């Protein structure tokens, strides 16, 4: 317990100060959550989601991973996204990267790091998509800062490609998508003004999808798979097995 004794002590102080400010604070939180925002950020310890956004408990749903990626095979991210959109009804979804991101820098380096290399391929895909702009920047610092921004832009676009967001956009109160970058050097958030819907509008023939209609009972008549006579499928070793074999032989002749 010695390693987290400071954490536990800080928690006691925090609870005490919260109760002093608002005796009903924890009671309200215990009754449920209704956050306005979903924050998809980097796992970097220098980028505290609530701290840099000035939000308190209950105001923001949070998902974090290395380099704030939106990967379409990531069940964790997709589960968070679906719950936030379809159950919690969040109004704004933010992908937040940060300058000086170690994941982005590792993806840009020509080195292997182990298991994480497979995750970093997603950032290398961003480099491939924006290779011309990326290579034009000769200054390494500027190049890395721009790659952080390009990565955020592509992750917002990846959000727009999901069926979760596409279905939500057809609703009465669709969520807004945002791309932000946090500068650790000065603490300022920068809005990249990404239009996530632009992906669907310009690439509708590739990415746009619609939910399939419910299957009706009369649709069964359209089945074109193999058809079997139940008599042709006897139980192995059953008393009618020889009769079934004879029937199949007669059909063949």
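In the numbering used here, the protein residues as written are 28 to 280.
No residue lacks a Cβ here, since even glycine has one placed at the ideal position from N, Cα and C.
Since this is a predicted model, take the numbers as computed values, not measurements.
- A distance below 7 Å separates the beta carbons of residue 211 and residue 125.
- One thing to note: residue 226 has its Cβ within 7 Å of the Cβ of residue 187.
- Assignment of residue 79 by DSSP, reduced to helix, strand and coil, places it in the helix class.
- For residue 204, no alpha helix (DSSP H) run applies; the uninterrupted beta strand (DSSP E) run containing it begins and ends at 203 to 210, by DSSP.
- Nearest to residue 158 by alpha-carbon distance, out of 177, 140 and 79, is 177.
- Annotation for residue 68: the continuous beta strand (DSSP E) segment containing it runs 64 to 69.
- Under the 8 Å Cβ criterion, the stretch 102 to 114 does not count as touching the stretch 70 to 85, having fewer than three qualifying pairs.
- About 7 Å separates the Cβ atoms of residue 121 and residue 67, confirming a contact at the 8 Å cut-off.
- Boundaries of the alpha helix (DSSP H) harbouring residue 228: 224 to 229, taken from the DSSP string.
- Contact annotation: residue 94 and residue 128 have beta-carbon atoms nearer than 7 Å.
- In this structure, the CA atom of residue 51 is about 17 Å from the CA atom of residue 40.
- Excluding its 5 nearest sequence neighbours in each direction, residue 118 has C-beta neighbours in its own chain below 8 Å: 63, 64, 200, 202 and 203, listed in chain order.
- In the structure shown, the three-state DSSP call for residue 55 is helix.
- Residue range 190 to 196 is occupied by the alpha helix (DSSP H) that includes residue 194.
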